[in-house]
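Have a look at the structure below before the remarks.
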Amino acid sequence: MDKTSYFTIPKDVTHGRGYVYSLQYHIVWVTKYRKPIFVGAIEQDIKNYLLETLKSLDMDVLAMEIMPDHIHLLVDCKPQLRLSDAIKILKGNTARWLFLSHPEIKQQLWGGHLWNPSYFVATVSERTLEQVKSYIDNQKTK
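The sequence shown begins at 0 in numbering that gives the first Met the number 0 and counts up one residue at a time.
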């Protein structure tokens, strides 16, 4: 399997007007019924759609791994960003783009829904940043 993780170097702290912050989140969400949808060209397409949407939300990607039935993200973002809204946008945009680019996906899913409605999110401190990066990087075996 081709190992294509996405990594950038995190900033220590960022200065805003009247505040200083360093916010990293580990976000995971799964496909409906854990269907293995992201294989072949679809894996690269979902990665591209996510990167484009993350850029529009002004979120920096520290690590990303696309598994056949779920997605791992490690992101750095501003405190003004409402994370629940950002995740809703990420899931909605990627589903819409994938269904337009790959209409055959809809037939694999009962009801035509790509994502399970829930998600996992955890804050990441400096001590665990490398641990989370390592965990995401080791999701796929070579």
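Where a beta carbon is used, it is the ideal one built from N, C-alpha and C, also for glycine.
- No residue range can be given for F37, since it is assigned to no beta strand (DSSP E) and is classified by DSSP as neither H nor E.
- Residue state for L61 is assigned as strand, using DSSP reduced to three classes.
- S100 sits away from D59, with the two beta carbons spaced by 8 Å or more.
- In its own chain, leaving out the 5 sequence neighbours on each side, no residue places its CB closer than 6 Å to the CB of E51.
- Sequence-distant Cβ neighbours of I41 in its own chain, meaning closer than 8 Å and more than five residues away, are L97, H101 and I104.
- For A121, the number of other beta carbons within 10 angstroms of its own is below 16, and it is reported as exposed.
- In this structure, P35 lies away from D57, with their beta-carbon atoms at least 8 Å apart.
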